[in-house]
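Participant:
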Amino acid sequence: MPLALLALAIGAFGIGTTEFVIMGLLPEVADEFHVSIPTAGYATTGYALGVVLGAPLLTLLGTRLTRKRMLTTLMGLFIAGNLLSALAPAFVLLLAGRVLASFAHGAFFGIGAVVAADLVAPHKRAQAIATMFTGLTVANVVGVPMGTWVGQTFGWRASFLAVAGLGVLGLAGIAALVPSTPGPAAARLGQELAAFRNPQVWLAMIMTVLGFGGVFAAITYITPMMVDVAGYGDSSVTWLLVLFGLGLVGGNLIGGRYADRALMRMLYITLGGLAVVLAAFTLTAHNKVAAAATLLLVGAFGFATVAPLQKRVMDQAPDAPTLASAANIGAFNLGNALASWLGGIVISAGMGYTAPNWVGALMAAAALGTAVLSAALERRTTRTGRIVAAGGAPAPGSEEANREAAALR
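Count along the sequence shown from 1, then add 83; that gives the number in this note's numbering.
(1) Compare the beta carbon distance of Leu357 and Phe384 with 7 Å and say whether it is the shorter of the two.
(2) Which residues in the same chain as Val135 place their Cβ atom closer than 6 Å to its Cβ, once the five residues preceding and following it in sequence are excluded?
(3) Quick one: using the 10 Å Cβ neighbour count with 16 as the cut-off for buried, is Phe243 buried or exposed?
(4) Pick from Ala447, Gly129 and Gly107: whose alpha carbon is nearest that of Thr236?
(5) Going by DSSP in three states, Arg208 sits in which element: helix, strand or coil?
(6) Smallest Cα separation from Ala390: which of Thr127, Phe295 and Phe327?
(7) Could you tell me if His117 is buried or exposed, where buried requires 16 or more neighbouring beta carbons within 10 angstroms of its beta carbon?
(8) List in chain order: all unbroken alpha helix (DSSP H) runs of 4+ residues lying wholly within the region 211 to 254.
(9) Rounding to the nearest angstrom, what Cα-Cα distance links Ala278 and Leu406 in this structure?
(10) Indicate the three-state DSSP secondary structure (helix, strand or coil) for His117 in the structure shown.
(11) If we call anything under 7 Å between Cβ atoms a contact, is Leu326 one with Leu379?
(12) Do Ala448 and Ala300 have their beta-carbon atoms positioned less than 7 Å apart in this structure?
(13) Given that a residue counts as buried once 16 or more other Cβ atoms are within 10 Å of its Cβ, and exposed if not, what is Pro404?
(14) Using the beta-carbon count (16 or more within 10 Å), is Thr464 buried or exposed?
(15) What is the DSSP secondary structure of Gly355, reduced to helix, strand or coil?
(16) Expressed to the nearest angstrom, what Euclidean distance is found between the alpha-carbon atoms of Leu456 and Val298?
(17) Is DSSP giving Asn281 helix, strand or coil here?
(18) Using CA coordinates, which residue listed in Thr217, Leu143 and Gly145 is at the minimum distance from Arg340?
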């Protein structure tokens, strides 16, 4: 794998850290600005909404820039947003800094995925995407706990200053290591928008919203589930989240490796496995050991879907993958917000802290159904195209038919 992927992974590490570290610092932020914890939580909500809106918006605005120039610009925006958060004299400016940093998030991962895929041979594209996303998964294992410790020890502003420093490191790496490829980057706006005429692009993004969203239905309410249901102490939640993060890292690497061999088959396995594991979580949550093991599996199956889902969108928009890729990053965050909201509804309805697991399982099962539908439509379209082009279909069982079936798996 090229060294340029390391620079992208460092940027992803910084972005992943700033996204989630605020969750452990809400009490400190609320105390300093004299606001309630729910009000301080707008720093998380605003970030998620900024990703959804910023990913397609900034990608469209940057269609005339090279991808390398766009990535360095986005890292500059990310650094500025975190510095504004660190120095904010008022809560509203902290929110502005969070939104500014979030605008860089979606476009960075969307464009970065395209750049990562272009750096390697076609049969290693999903692995390259997974390598970049490794920075995001490692952030959950190392960056977020360390950032929380820094914030609780030296003040929450120190956490954002440290993340800004990571942004500077990522910016320097991208500037030094990522090659400049002006040709493919200079796509016209109409060309980028044309990708959304393909229904397969929409089906892929629906898979993203439902599939990875299922993970957040459970993980958003993991603290009350593990403390009140499984019986862990409050101090154990940090290490349980590290365990979840280890699952993310492992799942990401496995998903990237095997998606290059059989992408749709990998999605069937991971989405089906995620649905089963989330459904089982409603039972295993009542036992400490089983709950911890299941949490690890939720992380593994959940993030094993990320590289295949991102590559699926890019494959369906081969002439203009940048906007589709960025929009799919927004779809991940839209799914997270939707799942968290639905999980809160079932808890408020008195169904208990394990009820969000059923929400997640149903979302993952719906994503699996969407994947099956997408593949069926693709097979029919390909078969119809071959009939039109050749005047007939290949005979069942023939070498040509077998090659066609293998290509669609």
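Just so it is clear, CB atoms sit at the ideal spot from N, CA and C, and this is done for glycine as well. Fair warning: this is a prediction, and the values are worked out from it, not measured in the lab.
Facilitator: Let me spell this out:
(1) Yes, Cβ-Cβ distance for Leu357 and Phe384 is below 7 Å.
(2) Gly413, Asn416 and Leu417
(3) buried
(4) Gly107
(5) helix
(6) If we check each option's Cα against that of Ala390, Phe295 comes out closest.
(7) exposed
(8) List check, alpha helix (DSSP H) in window: 227 to 237.
(9) 8 Å
(10) Residue state, collapsed to three classes: coil.
(11) yes
(12) no
(13) buried
(14) exposed
(15) helix
(16) In a straight line, the C-alpha of Leu456 is about 22 Å away from that of Val298.
(17) Asn281 falls in the coil class under three-state DSSP.
(18) Thr217
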